[in-house]
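The opening residue of the sequence shown carries number 2 in the numbering used here; numbering runs sequentially from there. Here the structure comes first, spelled out in structure tokens, and everything after it is commentary.
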Amino acid sequence: MRTDTGQVFRLEDYRPSSFLIPETDLTFRLSPDSTVVIAKLTVERREDAPLDAPLVLDGDGLALKGLAIDGMPASASAFVATPDSLSIPKPPHARRFLLTIETELAPAKNEALMGLYRSNGNYCTQCEAEGFRRITYFLDRPDVLSVYTVRIEADRKEAPLLLSNGNPAEAGDLADGRHYAVWRDPFPKPSYLFALVAGDLGVVEDEFVTASGRTVKLGIYVEHGKESRAAYAMDALKRSMRWDEETYGREYDLDVFNVVAVSDFNMGAMENKGLNIFNDKYVLADVDTATDTDFAGIEAVIAHEYFHNWTGNRITCRDWFQLCLKEGLTVFRDHEFSADQRSRAVKRIAEVRTLRAHQFPEDQGPLAHPVRPRRYREINNFYTSTVYEKGSEVVRMIRTILGAELFRKGMDLYFERHDGDAATVEDFLKVFEDVTGRDLSQFALWYHQAGTPNLTVTASYNKEASELFLEIEQSVPPTPSESRKRLMHIPLAFGLVGKDGQDIDHGHVDGAAVENGIIHVRKRRHTVRFSDIKERPALSLNRGFSAPITLSIEQTQDERAFLARHDSDPFSRWQAFNSLLADALMVGSRQIRGGKEPEFSSDLTGLAGAIAANEALEPAFRALALALPGEADIARELGNNIDPDAIFAAREALSRAIAKANASLFERLFAEFSGGNTFSPDAASAGRRALRNALLDFLSTSDPTRAAKQFAAANNMTDRAAALTILAHRHAAKGQAEEALACFEARYRSDPLVLDKWFQIQAAIPGPQSVERVRALMRHPAFSISNPNRVRSVIGTFSTANQTGFHRPDGGGYMLFADTVLEIEKRNPQVSARLATGLRSWRSLEPVRQKKAREALLRLAAEPNLSADLRDIVERTLA
Ligand code: B3K
Ligand code: ZN
2 MRTDTGQVFR
12 LEDYRPSSFL
22 IPETDLTFRL
32 SPDSTVVIAK
42 LTVERREDAP
52 LDAPLVLDGD
62 GLALKGLAID
72 GMPASASAFV
82 ATPDSLSIPK
92 PPHARRFLLT
102 IETELAPAKN
112 EALMGLYRSN
122 GNYCTQCEAE
132 GFRRITYFLD
142 RPDVLSVYTV
152 RIEADRKEAP
162 LLLSNGNPAE
172 AGDLADGRHY
182 AVWRDPFPKP
192 SYLFALVAGD
202 LGVVEDEFVT
212 ASGRTVKLGI
222 YVEHGKESRA
232 AYAMDALKRS
242 MRWDEETYGR
252 EYDLDVFNVV
262 AVSDFNMGAM
272 ENKGLNIFND
282 KYVLADVDTA
292 TDTDFAGIEA
302 VIAHEYFHNW
312 TGNRITCRDW
322 FQLCLKEGLT
332 VFRDHEFSAD
342 QRSRAVKRIA
352 EVRTLRAHQF
362 PEDQGPLAHP
372 VRPRRYREIN
382 NFYTSTVYEK
392 GSEVVRMIRT
402 ILGAELFRKG
412 MDLYFERHDG
422 DAATVEDFLK
432 VFEDVTGRDL
442 SQFALWYHQA
452 GTPNLTVTAS
462 YNKEASELFL
472 EIEQSVPPTP
482 SESRKRLMHI
492 PLAFGLVGKD
502 GQDIDHGHVD
512 GAAVENGIIH
522 VRKRRHTVRF
532 SDIKERPALS
542 LNRGFSAPIT
552 LSIEQTQDER
562 AFLARHDSDP
572 FSRWQAFNSL
582 LADALMVGSR
592 QIRGGKEPEF
602 SSDLTGLAGA
612 IAANEALEPA
622 FRALALALPG
632 EADIARELGN
642 NIDPDAIFAA
652 REALSRAIAK
662 ANASLFERLF
672 AEFSGGNTFS
682 PDAASAGRRA
692 LRNALLDFLS
702 TSDPTRAAKQ
712 FAAANNMTDR
722 AAALTILAHR
732 HAAKGQAEEA
742 LACFEARYRS
752 DPLVLDKWFQ
762 IQAAIPGPQS
772 VERVRALMRH
782 PAFSISNPNR
792 VRSVIGTFST
802 ANQTGFHRPD
812 GGGYMLFADT
822 VLEIEKRNPQ
832 VSARLATGLR
842 SWRSLEPVRQ
852 KKAREALLRL
862 AAEPNLSADL
872 RDIVERTLA
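Rendered as structure tokens:
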């Protein structure tokens, strides 16, 4: 494990490398405990680099076994090798020379899951961001692009399958039951995109004919016996390939495209050129084992990694500060893909919910950073919601500002101009400036400035003059190390909704640039005057969530209820109702803290019923609308002095109130949406299941019998898991929950991926007992502290989705959390650091919990020899 050196990397320190490696030739002699890697690197001095420039290659925990320069063994005085670097102070003067480097690895002992490691007896790799240096010494930086030839040798029995990037070139037998395969990737790529897989896996094969008529062989590799569970992923892959051709004119470029599913993986998946490696959670699905959310997740991640082939691989990043260049853009592309495949409105609402749940607290807490950070200590800690999700929102705003046509023109220019490059955010913005002639420098602040901007809007209507005035004021709150903020360009989509629910045509406007239904806020204050407005309209602002901001606006409950019923923009319609629910919950939680019973208006509970019953709305939308804001959402809205128990109680009370007010309606709708139809994972069917399960949750607040029935009769995992969650969380009659949990466990005992749902459901059971419950789950035979999926299911769920348990006032949750983080830290720093972000909002807690949370953080900080990953998170969280 690399411990912290305290080194800070700065964007302004970027310098091109003095040396390049145009060709990389790797040989792997695989064995679990001593794999030999022979790297033949063609090194080239950059034309403008000085002759006396030393060559310093990156390493991480490496053991050098041999070094030759131009075929001659290097003398001991010619180089300095440490586990973390290989320096050649006086490299040959020739422009090009050949380095032959031999290293030896023990993949079976690699628990960090970076570099070459073992998962379920198979060999696999993960190199982004800096894992390649755990395989061999290299210029392990994304602006050094190389053409790779990879030869893999392994025992034929242990590893009949040998895969790497690019196209297969050669294969054959060797002595002693071993065999080999050679792969060649003609596209120059950075080392982080290198991949190798060797092992014994089943495969699902298919073909895709590209728009220009080339046939691509597709393969998805999974554990033997799970092939049928890869069918949906294959279908999603083919749809992604077609979509990228149709939407962006991007064709796939190799003869083969392989996806491998592994069970030990630090994140979701990895876009290695031609050989994507996936967490099996994002590949395996069928009716019996996967929920609708799982199916949607697989579709999105398959698409995301595939889309990286152009946005990430063909055009990569100059340095890791530019991470959003590939990630934000590729998230935007996968969001649009899912919107096209499913319901655009529902997808947009789901995106915003995710952004608010993850990115907003990041932006508003100690770990806030710009979409393009300027400094980092550990790059692994910057694969954040800000880089990904806010990064995607920024690209979306570019499209909103430019319009779809010019956006596409800019993207075409980006691909044309930068194919084969390691590019920057400036390069990306420049293509849009060039196709439009616009100056995007103010807009570029979205990349450079952290923090969630706020717009305060005040409306006044003058009936005599038929005029509506909007006063708009922008502010960007200070964030760590950025106290002064500059004014941003915020595209605010809006509508004025008349009494009949129709948008009012706002012909005459002055005060700020208003075009195509968008107010372009660029100054601190704007006054927008609409004339010829005959009646006071309802204001629908930030339609479609056109900008990732918070809005402060005085709006009556009636006005919001009106928008919830009539707004033509589905996002704003959802938003209007959701904000009514959030307000009610905030008031309710204050009442509870004041020792009162919370009260909810019949207007609100009635509106919930009206939405549930509105057949003009798609079921998935109705389900989303009925989902109460989460406990963490309410905490974020409240901002400080948070008491999670009060929020929880308010939420429970509102659930009961809505259920009670709509009992017979919900019962009728529940029956209407029940039906023994055969399962299909399509979005419309999933929407119907979502609505029915939302209704079931309400109905179960008084009587969990229906949930028990559904659990027993379910013909798909969505309904089964929903029923089990209700039984376990809603204090079902004694024994009912235990019985269902035992039944689920027995059924899926041998399938850890499915058992994760069982872990998650239990780790999220609210209440003070959950600390002990989670400790017990961690002793379950199926739990493993070295498997990231298990860790995320148990301790990850506990710390992010169990507010009352994790934030137990005596600090018991934090103690368990700190113990576990340290336990994982010894094996896998990346996972421990990610987990540790679960305490980032500690300052917004009420004083008693705040003190306990701080103690847990201080305990982590006091630990000697922390990894760079964890120390970085802990120190920034405490700062
Ligand atoms: N690019 C990878 C993420 C790698 C994370 C390294 N710590 C997956 C993705 O975003 O597609
Ligand atoms: Zn990505």
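Backbone N, C-alpha and C fix where the C-beta goes; we use that ideal spot for every residue, glycine too.
Query	Result
Buried/exposed call for N716, threshold 16 Cβ in 10 Å	exposed
Simplified DSSP state of A869, which is helix, strand or coil	helix
Counterpart residues of K710 in DSSP-defined beta bridges	Answer is none; K710 lacks a bridge partner.
Heavy atom of the ligand B3K within 7 angstroms of Y384 beta-carbon	yes
Cβ contact check for the stretch 66 to 85 and the stretch 102 to 122: 3 or more pairs under 8 angstroms	yes
4-residue-minimum alpha helix (DSSP H) runs that sit fully inside the stretch 345 to 409, ordered along the chain	345 to 355, 361 to 364 and 392 to 403
Runs of alpha helix (DSSP H) wholly within the stretch 225 to 301 (minimum 4 residues, chain order)	232 to 249
Own chain, CB closer than 6 angstroms to S264, minus 5 neighbours either side, in chain order	S120, N121 and D281
Assigned exposure category for D683 - 16 Cβ within 10 Å defines buried	exposed
Among I593, E616, I635 and G596, the one whose alpha carbon lies nearest that of N579	I635
Start and end residues, alpha helix (DSSP H) containing R776	S771 to L778
C-beta contact flag for Q323 and R373 at 8 angstroms	yes
CB of I825 within 8 angstroms of CB of I786, strictly	yes
Assigned exposure category for P479 - 16 Cβ within 10 Å defines buried	exposed
Beta-bridge partners of R135, as assigned by DSSP	In the DSSP output, where bridge partners are listed per residue, R135 has none listed.
Any beta strand (DSSP E) of 3 or more consecutive residues that is wholly inside the stretch 55 to 114	56 to 59, 65 to 70, 81 to 83, 86 to 89 and 97 to 106
Whole-number beta carbon distance between Q804 and E891, since they are thought to touch under 8 angstroms	Since the first and last residues shown for the chain are 2 and 880, residue 891 lies out of range.
Exposed unless 16 or more other CB atoms sit within 10 angstroms - verdict on L625	buried
Span separating the alpha-carbon of Q811 from that of F546	Residue 811 is actually Asp in this sequence, not Gln. Those two C-alpha atoms are separated by around 39 angstroms.
Pair within 8 angstroms by beta-carbon distance, I534 and L430	no
N-terminal and C-terminal residue of the alpha helix (DSSP H) that N790 is part of	P789 to V792
Beta-carbon contacts of Q711 that lie in its chain and below 7 angstroms, excluding the five residues immediately before and after	L697, D720 and A724
Through-space distance from L861 to K261, alpha-carbon basis	Reading off the sequence, residue 261 comes out as Val, not Lys. Roughly 36 angstroms separates the two Cα atoms.
Burial state of M779 (16 or more Cβ within 10 Å)	buried
Counted within 10 angstroms of its Cβ, other Cβ atoms place T878 as buried (16 or more) or exposed	buried
C-alpha distance - L823 paired with N694, whole-angstrom precision	38 angstroms
The ligand B3K heavy atom lying under 7 angstroms from the CB of G269	yes
Option nearest D144 by Cα separation, candidates P17, K41 and A196	P17
Start-end ranges of the alpha helix (DSSP H) lying completely within the stretch 669 to 726, minimum 4 residues	684 to 700 and 706 to 714
Pair within 8 angstroms by beta-carbon distance, W843 and L867	no
Spatially closest choice to A585 from E739, A658 and A709, by CA coordinates	A658
As assigned by DSSP and simplified to three states, the class of D174	strand
Closest by C-alpha distance to M489, when choosing among F699, M398, G499 and V792	M398
Distance cut-off 7 angstroms: H336 Cβ against heavy atoms of the ligand ZN	no
Distance between beta carbons of S590 and A651, contact taken as under 8 angstroms	4 angstroms
Those residues which DSSP pairs with E206 across a bridge	G220
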